[in-house]
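*Asks:*
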Amino acid sequence: MIDFLVIGGGIVGVSLAYELAKYQLAIVLLEKEAELSFGVSKSNSGIIHTGFQDDPRSLKARLAVRGNRLYRQMAKLLDFPFVPTGELVVALPGERERLELIKENGKKLGIPGLEIKDREWLKKHEPNLSREIECALLGPTGAVINPYEVIYAMAENAASNGAQIHCDSEVISIEETSDSWKIRTCESEYRSRYVINAAGLSADKISQMAGIRAPRIRPWKGEEFILDRHADRLTRRIIFPVPQSNTKGVLVIPTVDGNTMIGPTAEEIKDRGDLTTSKAGKHKVLKHIQRLVPCIREDQVIASFAGLRPTIEEDDFYIREDKDRFVNIVGIKSPGLTAAPAIAEYVVNMLTEKVKFLPKEDYVAKRRAIPRFRQLSSEERNRLIRTDPEYGEVVCRCELVTKKEIREAIRRGAHTLDGIKFRTRSQMGRCHGAFCTMKIMAIMAEELNIPYEQITKRGKGSELVKGYGS
Amino acid sequence: MAAAVGGSDGGLKKILLLERLPRLGGILNQCIHMGFGLTYFKEELTGTEYAARYKRMVYERDIEVRTSSFVHRLTPKREVIFVNSEGEYTVAGKSIMMATGCRERTREMLTVPGTRPAGIFTAGLAQEMVNIYGVMPGKEVVVIGSGDIGLIMARRMTLEGAKVHAVLEILDHPSGLIRNKVQCLDDFSIPLYLDHELLEIIGKDRVEAIRYRNNKTGWERIISCDTVLFSVGLIPEQDLLIEAGIKPGSGIYLVGNADYIHDYVDTVTKEAEELGKSLG
């Protein structure tokens with residue numbers, strides 16, 4: 006019997022595992038995809054919001070403000086990149102009043118450093134912004150991260166503190182017994198005192214399995230477009246339009262990796278698996294974005310992807326113990342990434358009267374990232390090569406990723422090409438994997454001791470090789 | 006290799022040849038088809054043989070070769086920074102010849118709508134998979150673009166037992182050599198659809214189909230397939246210069262496909278040898 010079973014290996018589920026692993030509890034996390042973050046989280050924009058765009062009375066606004074603070078501490082402990090870009094909500098003619106309103110909201114939430122900046126300031130600090138923009142609200146606490154990197158960092162830390170994390174483990178049934186829940190996957194069965202449902206797009210289905218009514222999820226698709234690195238940083242801060250009814254609008258996002266990303270679109274869809282991108286989506290994004298940053302051009306787009314937001318009817322997060330020892334976390338869309346660590350804290354606080362949260366005595370607080378060859382000085386590179394010559398073998402030439410980094414990513418749990426991509430940045434450069442994919446597959450075949458036919462892009466069904474030549 | 010050979014023949018004494026892969030030859034090593042050497046060696050060779058001949062010429066001369074050594078930075082002072090399993094090194098040269106070849110345009114650069122499943126490869130990656138590693142990227146293939154590598158891979162995949170349904174070309178003429186169109190498509194009854202545009206890639210985890218349009222008639226159709234190979238153009242690999250903010254000239258030269266895209270390797274090596282000699 007375990008204490009907590011967390012369903013879902015996205016940012017919310019992994020935050021829970023990370024938080025719970027601080028205490029003397031037996032924890033299991035189940036993810037249905039081949040690797041963590043492969044559901045909703047991997048296509049998140051990566052923004053750590055200030056929190057001022059949401060209604061100050063809402064749970065999501067409070068948790069976002071708290072989450073923003075927690076990320077700053079976590080980035081140091083868990084060694085993941087956290088870039089404090091700051092964010093700007095820009096006002097076109099006639100929108101200044103809305104900006105004042107957002108600023109007031111932010112003040113109520115205790116968000117520090119909010120200031121309205123005039124045209125002169127914008128001209129100096131964000132020269133690529135449209136001249137039509139009259140003023141902007143600066144939120145200095147806005148930042149960017151890579152969602153998957155944070156997830157792997159938290160998961161590695163949780164695992165080193167005893168949490169068991171299983172991927173390729175889709176929950177197929179949940180049964181209530183007198184003192185616990187019985188959870189089945191295709192391969193195993195678990196008995197757990199508590200169940201935390203953080204299943205993202207499937208959270209309503211998981212709840213139904215346990216016989217509990219939960220809000221129905223209506224997926225909203227967002228398409229995003231990445232611009233060439235040579236296009237340089239077009240803006241230094243994250244640029245938001247004044248928010249419209251159901252989303253934060255189309256944004257300009259300077260990513261952790263030095264590219265600029267534009268998007269997302271927002272469109273309600275029927276199919277929970279619809280991750281297609283479209284010409285219409287691209288043109289819509291460009292049309293909106295060119296009003297804010299006119300110099301962005303269509304030919305600078307080098308990649309596109311789509312993600313789904315698990316939206317519910319109510320315009321807030323749904324976090325409740327809907328039945329004894331069964332916690333539903335449903336409808337975590339924006340600012341869900343920002344709020345995730347605070348959601349975990351919130352759930353723990355919610356249960357303090359029923360669960361003994363005794364801190365682990367031998368708790369490991371820190372986690373080290375895989376050293377990134379690209380980011381090191383020459384001395385550091387030479388030192389690493391002396392410890393392991395594979396640090397001198399460049400596999401991905403566009404992003405300068407070495408054989409040792411690929412091997413280390415596999416040893417830390419990557420077993421798909423996408424998993425390696427997200428952990429190392431290999432295959433993300435200008436050749437899009439044309440030069441390194443096969444070389445990475447050769448390392449995977451060796452390190453995982455599997456034949457080429459079993460290597461996948463992102464799990465079963467996405468095999469890359471169909472047999473051998475005749 | 007040709008630039009180094011030319012330099013040596015022109016009288017240069019200290020030549021360092023840096024190669025990122027474990028052996029010399031670059032992409033030629035995966036070109037196991039015929040058609041190389043007709044003008045330079047006056048006989049028909051495979052790409053692999055062509056590379057082997059040059060390798061011999063390199064080793065017969067006083068040229069220092071470092072393989073598995075990756076150049077990742079240049080400086081305006083003509084310094085080259087490279088890394089291998091022994092460490093990171095900086096070496097300065099009087100002249101630097103960039104024979105870094107080219108890379109393929111990809112699906113992402115075209116921003117083709119649809120999903121992003123497994124089974125989408127550039128023709129060159131498919132060539133490496135089949136010819137170097139002996140693995141098949143798929144069995145039901147559609148080739149997008151009629152560049153030479155695409156045409157050659159249409160034939161290669163057919164010879165290895167795959168079914169190549171069609172080659173789609175958005176222009177009204179094939180972009181590869183006519184020789185390759187005849188020998189790789191016509192001889193194997195692989196249809197070439199001109200004026201045809203890829204509209205969408207379909208498939209959740211692995212490619213399941215593509216949707217395309219005949220731009221002359223406006224008709225749309227779907228082909229079931231498990232693999233899409235892209236052969237939609239080549240881009241000279243000049244990023245080391247771009248990143249360092251250096252313009253070619255004043256001791257730094259682009260040569261071969263790194264300069265502009267050539268049709269024949271014979272032309273590439275001739276130009277490279279001449280440039281090498283002129284520096285001696």
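Those protein sequence lines, which keep their order, are chains V and D.
Numbered by the numbering used here, the letters in the first sequence go through residues 6 to 475 in order.
Numbered by the numbering used here, the letters in the second sequence go through residues 6 to 285 in order.
Glycine included, each C-beta is placed from N, C-alpha and C at the ideal position.
Round the Cβ separation of F310/V and V94/V to the nearest angstrom and send it over; I've been treating them as touching at under 8 Å.
*Replies:* 25 Å between Cβ atoms; not a contact.
*Asks:* Give a yes or no on whether the minimum CB-CB distance between K6/V and chain D is below 8 Å.
*Replies:* The sequence as given places Met at residue 6/V; Lys does not occur at that position. So no, M6/V is outside the interface.
*Asks:* From the DSSP output, in three-state form, read off R302/V for me.
*Replies:* Three-state result, R302/V: coil.
*Asks:* With S283/D as the anchor, note down where its beta strand (DSSP E) starts and where it stops.
*Replies:* Note, S283/D: premise wrong, no beta strand (DSSP E); alpha helix (DSSP H) at V270 to L284.
*Asks:* Checking contacts by CB at 8 Å: is P122/D closer than that to chain V?
*Replies:* Interface residue, yes.
*Asks:* What does R25/D touch in chain C if you count any residue whose Cβ is under 9 Å from its own?
*Replies:* Absent from the structure is chain C; the protein chains it does hold are V and D.
*Asks:* Of the residues that make up the segment 126-154 of chain D, which ones have a beta carbon closer than 7 Å to any beta carbon in chain V?
*Replies:* Correct list: T127, G129, L130, E133, M134, V135, Y138, G139, V140, M141, P142, G143 and K144.
*Asks:* Which bits of chain V does R211/D rub up against, with CB to CB less than 7 Å?
*Replies:* G466, S467 and E468, listed in chain order.
*Asks:* Name the two residues that bound the continuous alpha helix (DSSP H) containing Y157/V.
*Replies:* Run containing Y157/V: P152 to S165, per the alpha helix (DSSP H) assignment.
*Asks:* Tell me the DSSP bridge mates of I16/V?
*Replies:* Paired residue(s): none; I16/V is not in a bridge.
*Asks:* Name the DSSP bridge partner or partners of R314/V?
*Replies:* W225/V, per the DSSP bridge assignment.
*Asks:* If contact is defined by three or more beta carbon pairs under 8 Å, each pair taking one atom from either stretch, is the segment 203-220 of chain D in contact with the segment 73-87 of chain D?
*Replies:* At 8 Å Cβ cutoff, the stretches do not touch.
*Asks:* Would you say N34/D faces chain V, with C-beta separation under 8 Å as the test?
*Replies:* It does not; no Cβ of chain V falls within 8 Å.
*Asks:* How many Å lie between V85/D and R386/V at the Cα?
*Replies:* Going from the Cα of V85/D to the Cα of R386/V covers about 16 Å.
*Asks:* Taking 8 Å as the CB-CB limit, is K426/V close to chain D?
*Replies:* Answer no: the Cβ-Cβ gap between K426/V and chain D never drops below 8 Å.
*Asks:* What residue does the beta strand (DSSP E) around A97/D start on, and which one ends it?
*Replies:* G92 to A97 is the extent of the beta strand (DSSP E) around A97/D.
*Asks:* Give the range of the beta strand (DSSP E) segment to which F245/V is assigned.
*Replies:* Run containing F245/V: I243 to P246, per the beta strand (DSSP E) assignment.
*Asks:* List, in chain order, every chain V residue whose beta-carbon is nearer than 9 Å to that of H77/D.
*Replies:* Ordered by position in chain V, the residues that pass the 9 Å Cβ test against H77/D are R379, V399, R402 and L405.
*Asks:* Quick check: the Cα distance between I217/V and L142/V, rounded to an integer number of angstroms?
*Replies:* Cα to Cα, the separation comes out at about 43 Å.
*Asks:* Just to confirm before moving on: does the CB-CB distance between I448/V and S431/V stay below 8 Å?
*Replies:* Cβ atoms of I448/V and S431/V: not closer than 8 Å.
*Asks:* Excluding the five sequence neighbours on either side, which residues of its own chain have a C-beta within less than 8 Å of the C-beta of K112/V, listed in chain order?
*Replies:* Hits under 8 Å: L119.
*Asks:* Roughly how many angstroms separate the alpha carbons of A439/V and M62/D, rounded to a whole number?
*Replies:* One C-alpha to the other measures close to 30 Å.
*Asks:* Under the three-state reduction of DSSP, which class applies to V290/V: helix, strand or coil?
*Replies:* DSSP places V290/V in helix when its eight states are reduced to three.
*Asks:* Could you tell me which chain V residues have their CB closer than 7 Å to the CB of M114/D, listed as they occur along the chain?
*Replies:* Ordered by position in chain V, the residues that pass the 7 Å Cβ test against M114/D are I307.
*Asks:* Am I right that I16/V and I156/V are in contact with their C-beta atoms under 8 Å? What's the rounded C-beta distance?
*Replies:* With 8 Å as the limit, I16/V and I156/V qualify as a contact, their Cβ atoms being about 6 Å apart.
*Asks:* Do we get a CB-CB distance below 8 Å when we pair G167/V with the residues of chain D?
*Replies:* No, G167/V does not count as interfacial toward chain D.
*Asks:* Return the chain-ordered ranges of every beta strand (DSSP E) run that is complete within the segment 77-153 of chain V and spans a minimum of 3 residues.
*Replies:* Segments of the beta strand (DSSP E) lying fully in the segment 77-153 of chain V: 92-96, 120-123 and 140-144.
*Asks:* Take the Cβ of H38/D as the centre, count every other Cβ of all protein chains shown within 10 Å, and call the residue buried at 16 or more, exposed below.
*Replies:* Result: buried.
*Asks:* Are the beta-carbon atoms belonging to P152/V and N264/V less than 8 Å from one another?
*Replies:* Their beta carbons are not under 8 Å apart, which means P152/V does not touch N264/V by this criterion.
*Asks:* Per DSSP, what kind of secondary structure is G12/D in: helix, strand or coil?
*Replies:* G12/D falls in the helix class under three-state DSSP.
*Asks:* Name the chain D residues that come within less than 9 Å of F310/V, Cβ to Cβ?
*Replies:* Neighbours of F310/V on chain D, chain order: R121.
*Asks:* Would you call the CB atoms of R71/V and A347/V closer than 8 Å?
*Replies:* Yes, the pair counts as a contact, with Cβ atoms nearer than the cut-off.
*Asks:* Just reading off the beta strand (DSSP E) that G341/V is part of, what are its end residues?
*Replies:* Per DSSP, G341/V belongs to no beta strand (DSSP E); it is in the alpha helix (DSSP H), G341 to L356.
*Asks:* Does any C-beta atom of chain V lie closer than 8 Å to the C-beta of E84/D?
*Replies:* No, its Cβ sits nowhere closer than 8 Å to a Cβ of chain V.
*Asks:* For W225/V, I'd like the list of residues in its chain whose CB is within less than 6 Å of its CB, leaving aside the five on either flank, ordered along the chain.
*Replies:* Counting only Cβ-Cβ distances below 6 Å, and skipping sequence neighbours, we find A271, E273, R314 and T316.
*Asks:* Here's the rule: buried if 16 or more other CB atoms are within 10 angstroms of the residue's CB, otherwise exposed. What is R302/V?
*Replies:* By the 10 Å Cβ count, R302/V comes out exposed.
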